[in-house]
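Reading the sequence shown from the start, the letters are residues 1 to 544 in our numbering.
For glycine and all other residues, C-beta sits at the position ideal for the given N, C-alpha and C.
Down below is the structure, laid out as structure tokens.
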Amino acid sequence: MTPKNELLFCALGGSGEIGMNVNLYGTQGKWVMVDMGVTFADHSYPGIDLVLPDLSFIEERREELVGILITHGHEDHIGALPYLAEDLGVPLYATPFTAGLIRGKLEEERVADRVDLRVVEPRERVSVGPFDVRFVPMAHSIPEANALEITTPHGRVFHTGDWKFDAKPVIGKPATEKELRAIGEAGIDVLVCDSTNVFNADESGSESSVRRGLAEAVAKARGRVLVTTFASNAARLSTLGAVAKETGRKLCVTGRSLDRILRVAQSCGYLRDFPETVDPETAMRLPRDKVLIVATGGQGEARAALARIAEGNHTVSLDAGDTVIFSSKQIPGNEVAIGRIQNILAGRGVEMVTEKQAHVHVSGHPGRPELAAIYEWLKPGLLLPVHGEMRHLMEQARFGLSLGVPRALVQTDGDIVRLAPGEPTKIGHAPVGRLVLDGDVILPADGVTINERRKLGVNGQMSVAVATQGGKLAGTPQVRIQGVPVEEERLPFIAEAEEAAAEAVRTGPRDRERLREDVRLAVRRVATRWTGKKPVVDVLIVEV
């Protein structure tokens, strides 16, 4: 589908789910993309860390794509760029801090010289094909989050990206009420809006308000204090630097992602007064009440610093009487992983403070008061909720209509929506799906490889080697097993499976493929009788 004299919208990710944000706008025969993020794999993708969006719809139309606009530097908005942007072959547009993060990712994948990354200043306007775009700075939990004011021949869109209102931001200068009202007075036809916190009755709160809660929690602590937070939250790092000074503690920052954020932030002029840090080895030699450690891993990530510290596999160590402060929100789906880390820490006598016990975190997404304000200030003709599961999208549509927004349309990944001219309506569906990054290879998320791995994970695997001579059994079949649920009875189980394979060969001559299938079924019947499982059985027939 090629956009004609109209304004189209299509989400390839991030609508009906939280994460993996990819949005397309189309007009006058051209498309522009907003963001290209990832989501993180769960147990349903064995051996996989990153899940990528399937961009086949726009890859088939790459000659119509004129650019990729990046709202901010969180992984669910930029994480797929190192793996997919090169193939699209169009410029990327991002503000300096976000561009710095992207550049580092492209360099790690050795594609930086093959991707055209263009730096745009906050509040700057750029022309990208038939799209006139202005980057509008917004508050969020990372520097330089931007909304996009997109002007086309068929209407004006305000695409919020991730945002909140913050009257006293620690970093950056987000758009003021006056600026946003001016945008609304110029006319906004469509508001494409973050839905993450639509169920929150209260506003998110200012980042500056967290300092007092963190300072009080650190001051009360008797031993070492470790604060875990999202690495990308440079404002929180700034606050923790101030808290370290205030409480007389040396600051130790541990983790590659934190080091990267600090480096990029300081190169962009942020965190200039950040205190000098000490390395983990030095931190461990300091008096226990004179060190404040900042580490990643508050979502329970197995390879992050906090998990390794809890398990005793890190230079930093925590003992009874030390304190861990979780200065981050528990993301839905991570409860089990976070609970596992917290249980390990609790078992060692480590005290823990979360946002439920003290004011140590504020969200980066708008609650209902902030949503109500942006509806009033921008006065959109249409509300298009994004960045949320179906319950979030539906609730924001209801909320907007209840506050006087004239129209709301709920779409999900793949829906092609004509925004203008005429009544907004769904006119088609784009193929959408998921890809996985498996080592250095990108695969379909539900393709042969991952489905085979799922089967192996559920049922285990058996290998059977059979030697024949003139169509008759030669020697004893050999069986090896992996992941089949037999423990003490392993040897008798294997012996019975080997005898079943031998008996299958003895039943008479047949072609090699038929013999292989008979052996496979005979061995699997033994496994099913013993375990109730149907393992994957691989058979090798060797003629000697």
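Near G14, which residues of its chain fall below 8 Å by C-beta distance, leaving aside the five closest residues on each side in sequence?
-> M20, N21, V22, N23, D35, G37, D76, V386, H387 and D413
Residues near G26 in its chain [Cβ-Cβ closer than 7 Å; skip 5 each side] | Close CB contacts of G26 within its chain, under the 7 Å cut and outside five residues either way in sequence, are with P3 and L8 (chain order).
Could you say which of A94, A346, A527 and V417 lies nearest to M462 if we only look at CA atoms?
-> The residue with the shortest Cα to Cα distance from M462 is A527.
Using the C-alpha atoms, what's the distance from Y93 back to D113?
-> For D113 and Y93, the distance between alpha carbons rounds to 15 Å.
Which residues bound the beta strand (DSSP E) around A94?
-> L92 to A94
Nearest-angstrom Cα separation, counted from V537 out to V458 = 13 Å
Which partner residues does D438 have in the DSSP bridge list?
-> V441
Could you give the uninterrupted runs of the beta strand (DSSP E) lying entirely in the stretch 342-381, keeping only those of 3 residues or more?
-> 351-353
Can you list, in chain order, the stretches of the alpha helix (DSSP H) that have 4 or more residues and sit fully within the stretch 456-521?
-> 490-506
For R407, which three-state DSSP category applies?
-> strand
Evaluate S232 with the Cβ neighbour count: other Cβ atoms within 10 Å of its Cβ, from every protein chain shown; 16 or more gives buried, anything less gives exposed.
-> buried
Output the distance between the C-alpha atoms of G79 and V32, rounded to the nearest integer angstrom.
-> 18 Å
Please determine, among L84, R368 and I188, the residue with the shortest C-alpha to C-alpha distance to D202.
-> R368
Could you check how far apart the C-beta atoms of L540 and V505 are, in whole angstroms? I think they sit under 8 Å.
-> Their Cβ separation, rounded to whole angstroms, is 13 Å, which puts L540 and V505 out of contact at 8 Å.
Strand pairing of H159, partner residues [DSSP] = Per the DSSP secondary-structure output, H159 pairs in a beta bridge with L148 and V192.
By the 10 Å Cβ neighbour count, where 16 or more other Cβ atoms means buried, how is P406 classified, buried or exposed?
-> exposed
Over the uninterrupted beta strand (DSSP E) stretch that includes I261, give me the two end residues.
-> Segment R256 to S267 is the alpha helix (DSSP H) holding I261; no beta strand (DSSP E) there.
Just the C-alpha distance for R134 and T152, rounded to the nearest angstrom, thanks.
-> Near 12 Å, if we compare the C-alpha coordinates of T152 and R134.
Please name the residue or residues paired with W31 in a DSSP beta bridge.
-> G26 and L65
Close Cβ partners of G422 (< 8 Å) along its chain, the five nearest in sequence each way excluded = Hits under 8 Å: none found.
Selection from Q342, G67 and S56 that minimises the alpha carbon distance to I309 | Q342
Could you spell out the range, first to last residue, of the alpha helix (DSSP H) harbouring A201?
-> Per DSSP, A201 belongs to no alpha helix (DSSP H) and is neither H nor E.
Nearest-angstrom Cα distance between V120 and E107?
-> If I take the Cα positions, the gap works out to 20 Å.
With 16 as the cutoff for other CB atoms within 10 Å, does G298 come out buried or exposed?
-> buried
Exposure of T229, with buried meaning 16 or more beta-carbon neighbours within 10 Å | buried
Between the C-alpha atoms of I102 and P82, what's the straight-line distance to the nearest angstrom?
-> Rounded to the nearest angstrom, the two C-alpha atoms are 8 Å apart.
What are the residues that DSSP puts in a beta bridge with P53?
-> Note: P53 sits in a beta bridge opposite R434.
Among G155, D194, I171 and E185, which one has its Cα closest to the Cα of A147?
-> Nearest in C-alpha terms to A147, of all of G155, D194, I171 and E185, is D194.
Are the stretch 157-175 and the stretch 353-373 in contact at 8 Å, needing three or more beta carbon pairs?
-> yes
The stretch 280-300 touching the stretch 206-225, judged by at least three CB pairs closer than 8 Å | Verdict: yes, contact present.
With distances taken between CB atoms, is the gap from L435 to I183 smaller than 8 Å?
-> no
Does the pairing of the stretch 441-449 with the stretch 498-514 give three or more beta-carbon distances under 8 Å?
-> no
For T476, I'd like the list of residues in its chain whose CB is within less than 8 Å of its CB, leaving aside the five on either flank, ordered along the chain.
-> A distance below 8 Å between beta-carbons, with the five flanking residues on each side excluded, links T476 to the following residues of its chain, in chain order: E498 and A502.
First and last residue of the uninterrupted alpha helix (DSSP H) at L84 = L81 to L88
Pull up the CB-CB distance for T196 and H392, whole angstroms please, since I reckon it's below 8 Å.
-> 7 Å
Just mark K168 as buried or exposed, buried being the case when its beta carbon has 16 or more other beta carbons within 10 Å.
-> exposed
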